[in-house]
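**Q** Before anything else, here's the structure in question.
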Amino acid sequence: MLHVNEADVKRLLPFPKAIDLVREAYVRLAQGEAANPPRVLLSVPGGASMFFMPGHVYGQGSVAVKVARVNAGNPRVSLPTVLLTIYAYDATTGVQVAEVEGEWLTAARTAASTAVATDILASKSVRVLGVFGTGMEATTHVPMLMLVRDFDRILVYSRNKGKRELFAEKMSRDLGITVVTSDSPERVARESDVIVTATTSNTPVFDGSLVKAGSHVNAIGSATPEAREVDTKFAKRSRVVVDSIAQALATYGDIIGPIREGAIRESEILELGEILNGKMKVVHRASDVTLFKSGGLAVLDAMITDYVLGKLVPQERAKGARA
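Numbering (this note's numbering) for the sequence shown: 1252 to 1574.
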């Protein structure tokens, strides 16, 4: 059985390829050519919350099951808040074939998903990218989004001044783009053409009335029924697109809250895969704002895991032949 580490995934998964794979996974799922069962949540009293997420693209050689473990107290014992592992099984025999370290893969597939959505929902003339958050998700989102739009400037906000300055320095150095830090979420909301919220916040991170007409927002951080990154004012203004309508209605506070408050209707929500394969259409007007809300689909993990294994297995066999 293979153990695939984070370095393997980074080496084998170029960002442009991640976007292509994620786009294909959405289309295949919308066409009924993939399985994405509901995630299972197990909460241990006083301990971790554990999510089990199986997925498979029909015709591929592997089935993937991601296990996400979340405990806000982990940093107190020098552990990450979120631990992610993907287990891959032979699609025919059911034999386990690999264990994949999942932090980088998850961040990359989430950013690729956002890039796919931004490519079809955002104006072609956007210039300023606003980022809320400075963690791994934010770090992968900036270069991924730069593959689908030509940004002149990036605005970044987080509550921690030191972290946002380090983030800005790294992004500017690595990507050759102007990155400006701000201690004002209002400024980021007001000046940005495309916004990414990549936080663990349980409350909205900006005032939705400040977002200018024609802007696009990707809310990709919090994805539990109680958590909100986007306020009801913005949801009410927006054309709302999600990665999965069923999952959004069950677990996304950014969708559940506005529906409960009567600001949006379930029938108005669009699904990204259905737009990509032409079953649903988005009509753009200059005054529109759009919202893409995602919490992550196992089928995206499955698509990318199968690709990584397809690249890695021949390399491992070649190593064995030389040994």
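In this text, a Cβ means the ideal position worked out from N, Cα and C, and glycines have one as well.
#1: On the three-pair Cβ rule with 8 Å, is the region 1413-1420 touching the region 1369-1388?
#2: DSSP on Gly1546, reduced to helix/strand/coil?
#3: Since Ala1373 and Val1445 should fall inside the 8 Å C-beta cutoff, what is the C-beta to C-beta distance between them, to a whole number of angstroms?
#4: Classify Gly1524 as helix, strand or coil using the three-state DSSP reduction.
#5: In this structure, how does DSSP classify Glu1480 when only helix, strand and coil are distinguished?
#6: Can you check whether the CB of Val1540 is closer than 9 Å to the CB of Ser1473?
#7: Decide yes or no for the touch test of the region 1335-1352 against the region 1306-1319: beta carbon pairs closer than 8 Å, at least 3 of them.
#8: Within its chain, find whatever has a CB closer than 6 Å to the CB of Ala1478; leave out the 5 residues flanking it on each side and keep chain order.
#9: Check whether the region 1556-1564 and the region 1390-1406 touch, using three or more Cβ-Cβ pairs below 8 Å as the test.
#10: Using a Cβ-Cβ cutoff of less than 7 Å, which residues in the same chain neighbour Asn1325 once the five nearest sequence positions on both sides are dropped?
#11: With a floor of 3 residues, list each beta strand (DSSP E) that falls wholly inside the region 1398-1448, ordered by position along the chain.
#12: What first and last residue would you give for the alpha helix (DSSP H) that runs through Leu1356?
#13: Taking the straight line between their C-alpha atoms, what separation do you get for Val1430 and Thr1369?
#14: I need the DSSP call for Glu1284, collapsed to helix, strand or coil.
#15: Measure the C-alpha to C-alpha separation of Lys1530 and Gly1297 and round it to an integer number of angstroms.
#16: Below 8 Å on the Cβ atoms is my guess for Ile1270 versus Leu1398; work out the distance and round it to an integer in Å.
#17: Note the first and the last residue of the continuous beta strand (DSSP E) segment covering His1535.
#18: Ala1258 to Ile1337, Cα distance in whole Å?
#19: Determine the burial state of Arg1573: buried for a count of at least 16 other Cβ atoms within 10 Å of its Cβ, exposed for fewer.
#20: Among the candidates Ser1423, Pro1509, Asp1434, Leu1396, whose CA atom is the shortest distance from the CA of Asn1411?
#21: Grab the span of the alpha helix (DSSP H) containing Gly1504 for me, first residue to last.
#22: Use the C-beta contact count for Val1328: other C-beta atoms within 10 angstroms, 16 or more gives buried, fewer gives exposed.
#23: Going by Cα to Cα distance, which pick from Val1273, Asn1256, Val1255 is closest to Ala1553?
#24: Arg1568 to Leu1253, Cα distance in whole Å?
#25: Are Leu1292 and Val1318 closer than 9 Å when you measure CB to CB?
#26: Name the two residues that bound the continuous alpha helix (DSSP H) containing Thr1391.
#27: Indicate the three-state DSSP secondary structure (helix, strand or coil) for Phe1302 in the structure shown.
#28: Along the chain, where does the beta strand (DSSP E) containing Asp1341 start, and where does it finish?
**A** The answer reads as follows:
#1: yes
#2: Residue 1546 sits at position 295 when you count from the first residue of the sequence shown. Coil at Gly1546, not helix or strand.
#3: As a working mapping, residue 1373 is identified with position 122 in the sequence shown. As a working mapping, residue 1445 is identified with position 194 in the sequence shown. Yes, they are in contact, since the Cβ atoms of Ala1373 and Val1445 sit about 5 Å apart, within 8 Å.
#4: Reading the sequence shown from its first residue, position 273 is the one you call residue 1524. Gly1524: helix per DSSP, three-state reduction.
#5: As a position in the sequence shown, residue 1480 is number 229, starting the count at 1. For Glu1480, the three-state secondary structure derived from DSSP is coil.
#6: Taking the sequence shown and counting its residues from 1, the one referred to as residue 1473 is at position 222. Taking the sequence shown and counting its residues from 1, the one referred to as residue 1540 is at position 289. Taking 9 Å as the Cβ cut-off, Ser1473 and Val1540 do not qualify as a contacting pair.
#7: yes
#8: Counting from 1 along the sequence shown, the entry for residue 1478 is found at position 227. Within its own chain, the residues whose Cβ lies closer than 6 Å to the Cβ of Ala1478, once the five positions on either side in sequence are excluded, are Asn1453, Gly1504, listed in chain order.
#9: no
#10: Residue numbering aside, residue 1325 sits at position 74 when the sequence shown is read from its first letter. So the qualifying residues of the chain are Pro1331, Thr1332.
#11: 1404-1408, 1429-1432, 1445-1448
#12: Within the sequence shown, numbered from 1, the residue matching residue 1356 stands at position 105. Here the alpha helix (DSSP H) through Leu1356 covers 1354-1372.
#13: Walking along the sequence shown from the start, residue 1430 turns up at place 179. Walking along the sequence shown from the start, residue 1369 turns up at place 118. The alpha-carbon atoms of Val1430 and Thr1369 are separated by roughly 20 Å.
#14: Taking the first residue of the sequence shown as position 1, residue 1284 is located at position 33. In the three-state reduction of the DSSP assignment, Glu1284 falls in the coil class.
#15: Sequence index remark: in the sequence shown, residue 1530 carries index 279 (1-based). Sequence index remark: in the sequence shown, residue 1297 carries index 46 (1-based). Rounded to whole angstroms, Lys1530 to Gly1297 spans 44 Å at the Cα level.
#16: Within the sequence shown, the letter at position 19 stands for residue 1270. Within the sequence shown, the letter at position 147 stands for residue 1398. The pair is a contact, with the Cβ atoms about 6 Å apart (cut-off 8 Å).
#17: Mapped onto the sequence shown, residue 1535 falls at position 284. Premise fails: His1535 is in no beta strand (DSSP E) and is neither H nor E.
#18: Counting from one through the sequence shown, the residue named residue 1258 turns up at place 7. Counting from one through the sequence shown, the residue named residue 1337 turns up at place 86. Between Ala1258 and Ile1337, the C-alpha separation is close to 15 Å.
#19: Against the sequence shown, residue 1573 aligns to sequence position 322. With a pLDDT of only 48 at Arg1573, under the threshold of 50, the placement of this residue in the model should not be trusted; the figure read from the coordinates follows. Result: exposed.
#20: Taking the sequence shown and counting its residues from 1, the one referred to as residue 1411 is at position 160. Checked all of Ser1423, Pro1509, Asp1434, Leu1396; the closest Cα to Asn1411 is Asp1434.
#21: Indexing the sequence shown from 1 puts residue 1504 at position 253. Segment 1504-1511, the alpha helix (DSSP H) holding Gly1504.
#22: Here residue 1328 corresponds to residue number 77 of the sequence shown, with the count starting at 1. Under this definition Val1328 is an exposed residue.
#23: Taking the sequence shown and counting its residues from 1, the one referred to as residue 1553 is at position 302. Minimum Cα distance to Ala1553 is reached at Val1273.
#24: Taking the first residue of the sequence shown as 1, we reach residue 1568 at position 317. Taking the first residue of the sequence shown as 1, we reach residue 1253 at position 2. Note that Arg1568 has pLDDT 46, beneath the 50 cutoff, so the model's placement of it is unreliable and the number below is only indicative. Going from the Cα of Arg1568 to the Cα of Leu1253 covers about 11 Å.
#25: Here residue 1292 refers to the residue found at position 41 of the sequence shown. Here residue 1318 refers to the residue found at position 67 of the sequence shown. The Cβ atoms of Leu1292 and Val1318 lie no closer than 9 Å to each other.
#26: Counting from one through the sequence shown, the residue named residue 1391 turns up at place 140. Following the DSSP letters along the chain, one finds Thr1391 inside the alpha helix (DSSP H) bounded by residues 1387-1396.
#27: Reading the sequence shown from its first residue, position 51 is the one you call residue 1302. Here Phe1302 sits in strand by DSSP.
#28: Position 90 of the sequence shown, counted from the start, is the residue given in the question as residue 1341. Where Asp1341 is concerned, the enclosing beta strand (DSSP E) stretches over 1333-1341.
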